[in-house]
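Residue numbers (my numbering): 4 to 371.
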């Protein structure tokens, strides 16, 4: 019974009230503790994390309650182990979507060789498994309007095929065109065996001594093969410019060194053996730079009879050669000399214009 307000209590009544309050507080505290303990126990029972990740994977993957736990665990582990390499291989194989022409059944699956800023290069076959070809594909650019992108792609591929056909008619060493579909964004050309000129020159320079004095002595004795290669490159570029075509991206990476026929190589061995010219080591080293120079990748080519454009083509190659092969930079003059001899009077005017282009290039480098 509640006590009326403002009425003083007897000491015995104060003790009774205090005892009742303590009992009531103890009951409330015990009830809260028990409910919290039960809640934590239920949560533990329901969401207790698995000690072994394999158990969780097994429970999620296996839906058959009849199989024993050990068998289920083994099946899940084997499945994960087998799926990981397959997923990596599938990701590498389908890193880029294939063009439609390469999705049809083929005797030789397409191989992605390289990817550039404008397109991708695949190695596949043409009609027969014995005829390898290079398929260049220009994928759609998502940052351009679809109609504009389709027009630009079609125009570039059609022009590239036209330039290659023109060079072939004039005897310039370029790949032959097998087929094209400019609307679909691909062109199939001849597959050039061999290696890029950049790789061959670096491999040849890598076998030379690093000491400056020893390198000078080696230059006096063994620079012949590299000089001959530079002359062949100059003659090939002169033939290209004579047809009225400017490459636009001349580098040693866009030139292939096609190995000579076996009969020619064998004949060269016999001749060297009879005359006794050079040692076996020098002959093996000279073989690195043997072959015909073939110019590839005409994606940035243009038709021009201007000395300015031709000189710019040579200047681009000169800068690329100096940065890629700094140890052979002094041999670039042999390329220009061969270019002038092959091109005739027109070559002289192009080299004069090259001096002006160099001056502008140096001025631009100084200003920044």
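Virtual Cβ for every residue (Gly too), placed ideally from N, Cα, C.
All values reported here derive from a predicted model rather than from experimental measurement.
I'd like to check one pair, residue j with residue i: are the Cβ atoms closer than 9 Å?
| i | j | result |
| --- | --- | --- |
| residue 194 | residue 113 | no |
| residue 187 | residue 104 | yes |
| residue 300 | residue 257 | yes |
| residue 253 | residue 316 | yes |
| residue 247 | residue 183 | no |
| residue 353 | residue 304 | no |
| residue 338 | residue 357 | no |
| residue 189 | residue 151 | no |
| residue 199 | residue 288 | no |
| residue 314 | residue 360 | yes |
| residue 122 | residue 251 | no |
| residue 349 | residue 245 | yes |
Here's the rule I'm using: 16 or more other beta-carbon atoms within 10 Å means buried, otherwise exposed. How should residue i be labelled?
| i | result |
| --- | --- |
| residue 125 | buried |
| residue 174 | exposed |
| residue 342 | buried |
| residue 118 | exposed |
| residue 176 | buried |
| residue 116 | exposed |
| residue 362 | exposed |
| residue 130 | exposed |
If you draw a straight line from the C-alpha of residue i to the C-alpha of residue j, how long is it?
| i | j | result |
| --- | --- | --- |
| residue 154 | residue 334 | 42 Å |
| residue 373 | residue 140 | Given a span of 4 to 371 for the chain in the structure shown, any question on residue 373 remains unanswerable. |
| residue 167 | residue 178 | 7 Å |
| residue 346 | residue 120 | 32 Å |
| residue 133 | residue 207 | 31 Å |
| residue 149 | residue 100 | 18 Å |
| residue 128 | residue 108 | 12 Å |
| residue 147 | residue 242 | 36 Å |
| residue 237 | residue 340 | 8 Å |
| residue 344 | residue 239 | 12 Å |
| residue 144 | residue 156 | 9 Å |
| residue 336 | residue 169 | 29 Å |
| residue 274 | residue 286 | Here residue 274 scores only 43 on pLDDT, less than 50, and its place in the model is too uncertain to base an answer on. |
| residue 106 | residue 142 | 15 Å |
| residue 325 | residue 308 | 26 Å |
| residue 322 | residue 364 | 10 Å |
| residue 209 | residue 185 | 42 Å |
| residue 201 | residue 318 | 17 Å |
| residue 171 | residue 232 | 21 Å |
| residue 230 | residue 111 | 39 Å |
| residue 290 | residue 355 | 35 Å |
| residue 226 | residue 197 | 22 Å |
Within 9 Å (strictly less), CB to CB, does residue i reach chain C?
| i | result |
| --- | --- |
| residue 249 | The structure shown has no chain C; it contains just one protein chain. |
Rounded to the nearest angstrom, how far is the Cβ of residue i from that of residue j, given a contact under 8 Å?
| i | j | result |
| --- | --- | --- |
| residue 204 | residue 255 | 6 Å |
| residue 180 | residue 164 | 5 Å |
Could you say if the stretch 285-301 and the stretch 245-263 meet the contact criterion of at least three C-beta pairs nearer than 8 Å? Yes, since at least three Cβ pairs between the stretch 285-301 and the stretch 245-263 fall closer than 8 Å, the two stretches touch.
Report yes or no: do three or more beta-carbon pairs, one from the stretch 321-338 and one from the stretch 180-200, lie closer than 8 Å? No, the stretch 321-338 does not touch the stretch 180-200.
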